[in-house]
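For reference, the structure discussed in these notes is given below.
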Amino acid sequence: MNIVVIGTGYVGLVTGTALAEVGHLVTCVDLDAEKVARLRNGKSPIYEPRLEELIRHNILKGRLAFETELESAVKEDSVIFIAVGTPQSADGAANLDYILAAACDIAPFVREETIVVTKSTVPVGTNDLVADTIALACGTRPMMVSNPEFLREGSAVHDTFYGDRIVIGTEHEKAASVMRAIFEPFTVPIFETDIRSAEMIKYAANAFLATKISFINEMANVCEWKNADIEAVSIGIGMDKRIGSQFLQAGIGYGGSCFPKDTKALIAMARAEGKNLPLLDTVEAVNAVRYEKVLEQLLTIHHDLSGKKIAVLGLAFKPNTDDMRDAPSIKIIAKLLDAGARVVAYDPVATKEARPLLPGSVALHDEIESALFDAEAAIIVTEWYEVKQLDLMALKTAMRVPVVIDGRNCMDQNQMKEAGIIYRSIGRNNHDRIPVLR
Ligand SMILES: NC(=O)c1ccc[n+]([C@@H]2O[C@H](COP(=O)([O-])OP(=O)(O)OC[C@H]3O[C@@H](n4cnc5c(N)ncnc54)[C@H](O)[C@@H]3O)[C@@H](O)[C@H]2O)c1
1 MNIVVIGTGY VGLVTGTALA EVGHLVTCVD LDAEKVARLR NGKSPIYEPR
51 LEELIRHNIL KGRLAFETEL ESAVKEDSVI FIAVGTPQSA DGAANLDYIL
101 AAACDIAPFV REETIVVTKS TVPVGTNDLV ADTIALACGT RPMMVSNPEF
151 LREGSAVHDT FYGDRIVIGT EHEKAASVMR AIFEPFTVPI FETDIRSAEM
201 IKYAANAFLA TKISFINEMA NVCEWKNADI EAVSIGIGMD KRIGSQFLQA
251 GIGYGGSCFP KDTKALIAMA RAEGKNLPLL DTVEAVNAVR YEKVLEQLLT
301 IHHDLSGKKI AVLGLAFKPN TDDMRDAPSI KIIAKLLDAG ARVVAYDPVA
351 TKEARPLLPG SVALHDEIES ALFDAEAAII VTEWYEVKQL DLMALKTAMR
401 VPVVIDGRNC MDQNQMKEAG IIYRSIGRNN HDRIPVLR
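Going by the UniProt record's numbering, the first residue of the sequence shown is number 1, and it counts up by one from there.
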């Protein structure tokens, strides 16, 4: 099948590449000429495990191409996917400028039978707006499909091939049957519904996951006050199938390009109807201050940070990605600098993305050892494999004062204790008994 994907960000590029991998003929279009030039040379502009290898493979097979102009990409029978950004506006609502610009770009190529698929996360009713925009521009209304994306950055390729579900929302049986054919090779369950419910499923899913994170973080606070252990509590409640064991890791809260903006967009959607979503307001409020947790912990050990060298371990909002959008590291570093600390930071892949977002005084390291050298404390912000695998004796030797604040609960408390490291984490007690599942 001929497929055009508009936008080569995390979603468009992974989707386009995966569709090529299963045999479709895909052209990805992006306004960013530099990105397109890199992609044509088989270089991925983002870090995502396995992605670059698949891009190269499919270019060589002649199934994947990159263009800056739709004109060179669209064929008579192309199915057109929109995967452009929907960033947060100043009032929290989703900014639809890129979506509507893409709709105008598509209009000259739309025929009676054209199928336009929205992969971007868009507020309920946006697909109708896209169809109206196209119809106004060219006189023809395409068959619209809402096909929200559920991939997770850091495992985006895996998630595309082995996702939990593919949601197809459309009012056109012909479009639904083409979508079934496109996604048939993925052997992922397909759920078909109406277009507005499909749009809403994406927001409801992200809002629920964000709620789970704020919930477990609030429970971690109670564990700290009462000397209980949040990891034992997570396991204990997660064994209840109604609750489920995933997304119950206490820490410094959610960040990234989706949860913060999508939760705010959902709140804005309600506000536009003159309504409130008090539960999500609270989820947001809990998360907004969560990053301060590591600073509170640090201040229990070093009462004055001025002039102290503090190493921030991990900059990306989660491991296996270089995405810095809404990364807690940015706010943590700002607070450390405000307190007079000298900040150095380590990330195995995100330093290039992070550089423009951080003050010049923050030294960025690609090597963890050099970041730790002479530091008086290290704060784990992203649970990279490289951080979890740290040689604790080498860490202790490199640091001036061996203090580790673990914002992701990714280190073994007993090993830290044995290594003589002053260690604090989130909601975990100091009991020697660690949770055991028999
Ligand atoms: N990143 C994720 O993990 C994720 C997961 C699920 C859903 N989503 C949603 O998917 C959408 C895309 O997210 P992303 O992270 O891939 O965005 P992104 O910002 O990484 O990429 C968007 C790309 O679209 C290009 N673009 C914008 N307007 C264009 C146009 N008119 N023509 C051609 N190219 C254009 C930009 O140059 C950019 O390369 C958003 O709505 C997002 O909420 C993202």
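Even for Gly, the Cβ is constructed at its ideal location relative to N, Cα and C.
Query	Result
Would you list, in sequence order, the uninterrupted beta strand (DSSP E) runs of no fewer than 3 residues that lie entirely inside the segment 68 to 128?	79 to 82 and 115 to 118
Within 10 angstroms of the Cβ of Leu-298, are there 16 or more other Cβ atoms? Answer buried if so, exposed if not.	buried
Assign His-365 to one of three DSSP states: helix, strand, or coil.	strand
When every heavy atom of ligand 1 is checked, does at least one fall within less than 7 Å of the C-beta of Thr-121?	yes
Can you look up residue 452 in the DSSP assignment and give me helix, strand or coil?	The shown model of the chain, from 1 to 438, leaves out residue 452, and the question about it has no answer.
Given a threshold of 16 other Cβ atoms within 10 Å of its Cβ, counted over all protein chains shown, does Glu-418 qualify as buried or as exposed?	exposed
For the alpha helix (DSSP H) containing Lys-35, name the first residue and the last one.	33 to 40
Please say whether Leu-315 and Ala-354 have beta carbons closer to each other than 8 Å?	yes
Terminal residues of the continuous alpha helix (DSSP H) containing Cys-223?	195 to 226
Which of the three DSSP states, helix, strand or coil, is assigned to residue 444?	Since the first residue shown for the chain is 1 and the last is 438, residue 444 is missing from the structure and cannot be characterised.
For the candidate residues Ala-377, Arg-290 and Ala-272, whose alpha-carbon lies nearest to that of His-303?	Ala-377
For Ala-93 and Ser-120, what's the separation of their Cα atoms in angstroms?	14 Å
Could you give the DSSP three-state label for Ile-332: helix, strand or coil?	helix
Roughly how many angstroms lie between the CA atoms of Leu-358 and Thr-118, to the nearest whole one?	34 Å
When every heavy atom of ligand 1 is checked, does at least one fall within less than 7 Å of the C-beta of Leu-357?	no
Buried or exposed: which applies to Gln-415, given that a residue is buried once 16 or more other Cβ atoms fall within 10 Å of its Cβ?	exposed
For Lys-318 and Gly-154, which I take to be in contact (beta-carbon distance under 8 Å), what is that distance rounded to the nearest angstrom?	6 Å
Using a threshold of 7 Å, is the CB atom of Tyr-10 nearer than that to any non-hydrogen atom of ligand 1?	yes
Taking the beta strand (DSSP E) that Ser-177 belongs to, which residues open and close that run?	Looking at the DSSP string, Ser-177 is not in any beta strand (DSSP E); the run it does join, the alpha helix (DSSP H), is 173 to 183.
How about Pro-161 and Ala-210: do their beta carbons lie closer than 8 Å?	The sequence shown places Phe at residue 161, not Pro. Contact: no.
Less than 7 Å separating the Cβ of Val-84 from some heavy atom of ligand 1?	yes
Note down, in chain order, each residue of its chain lying with its Cβ closer than 6 Å to the Cβ of Asn-2, except the 5 sequence neighbours on either side.	Leu-25, Lys-75, Asp-77 and Ser-78
Taking the alpha carbon of Tyr-203 as the point to measure from, which residue in Arg-242, Leu-277 and Gln-246 has its own alpha carbon closest?	Leu-277
For Asp-406, which of helix, strand or coil comes out of DSSP?	strand
Is the beta carbon of Ala-371 less than 8 Å from the beta carbon of Val-344?	yes
Per DSSP, what kind of secondary structure is Val-289 in: helix, strand or coil?	coil
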